[in-house]
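Colleague:
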Amino acid sequence: WNYNPQKDSVLQVTFDDYQKCNTSNPIAKHTDGNTTVTLDRSGPFYFISGVQGNCQKGEKLIVVVLSPRVAQPSMAPASSPASEGSPSSPPMVSASTGLDGFRLGFSALVVTLVTMVVGLL
Numbered sequence: 048w049n050y051n052p053q054k055d056s057v058l059q060v061t062f063d064d065y066q067k068c069n070t071s072n073p074i075a076k077h078t079d080g081n082t083t084v085t086l087d088r089s090g091p092f093y094f095i096s097g098v099q100g101n102c103q104k105g106e107k108l109i110v111v112v113l114s115p116r117v118a119q120p121s122m123a124p125a126s127s128p129a130s131e132g133s134p135s136s137p138p139m140v141s142a143s144t145g146l147d148g149f150r151l152g153f154s155a156l157v158v159t160l161v162t163m164v165v166g167l168l
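The opening position of the sequence shown corresponds to residue 48 in this note's numbering, with each subsequent residue numbered one higher.
Set out below in structure tokens:
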């Protein structure tokens, strides 16, 4: 977030404090004017403005971090070696494809968050 530190701050709060716009007991308080947070787990993160009344005016944000979906190995029976003329197995999808999609999704999230914050200024 980019904001004037003399006029605002960013608070990370619990779900209850998010719902009530309670600024008195934040999990983390950011007052530097150029805040970057680390989303270090999957699940929801709740942020509100540290200025009384701003949260009630809509200056609040929920960020939900999704965990990557991991394909479970199938318990298919072992097959006999392919003979000439029998259909071959489909090609394996590279694991990096999922990671690239995650990076793209995360980039879209960051762009959305920046757009929302700039819109509040």
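The beta carbon of each residue, even a glycine, is placed where N, CA and C say it ideally should be.
These numbers come from a predicted model, not from an experiment.
So what does DSSP say about residue 66, is it helix, strand or coil?
Modeller: helix
Colleague: Considering only the alpha carbon of each residue, which of 62, 109, 69 lies closest to residue 84?
Modeller: From the listed residues 62, 109, 69, the smallest Cα separation to residue 84 is found for 109.
Colleague: Can you give me the C-alpha to C-alpha distance between residue 55 and residue 98, rounded to a whole angstrom?
Modeller: 6 angstroms
Colleague: Just mark residue 73 as buried or exposed, buried being the case when its beta carbon has 16 or more other beta carbons within 10 Å.
Modeller: When all chains shown are included, residue 73 counts as buried.
Colleague: Within 10 Å of its beta-carbon, does residue 113 have 16 or more other beta-carbons around it, so buried, or fewer, so exposed?
Modeller: The residue in question, residue 113, is exposed, as its Cβ has fewer than 16 Cβ neighbours within 10 Å.
Colleague: Note the first and the last residue of the continuous beta strand (DSSP E) segment covering residue 108.
Modeller: 107-112
Colleague: Under a three-way DSSP split, which group does residue 86 fall into?
Modeller: coil
Colleague: Can you tell me which of 68, 53, 79 puts its alpha carbon nearest to the alpha carbon of residue 94?
Modeller: Ranking 68, 53, 79 by Cα distance to residue 94 puts 68 first.
Colleague: With distances taken Cα to Cα, identify the nearest neighbour of residue 111 among 103, 89, 118.
Modeller: 89
Colleague: When burial is assigned at 16 or more other CB atoms within 10 Å of the CB, is residue 87 buried or exposed?
Modeller: Label assigned to residue 87: exposed.
Colleague: Which same chain residues, not among the five before or five after residue 102, have their C-beta less than 6 angstroms away from its C-beta?
Modeller: 68, 95, 96
Colleague: Taking all protein chains shown into account, decide if residue 64 is buried (16 or more other Cβ within 10 angstroms of its Cβ) or exposed.
Modeller: By the neighbour-count definition (other C-beta atoms within 10 Å, threshold 16), residue 64 is a buried residue.
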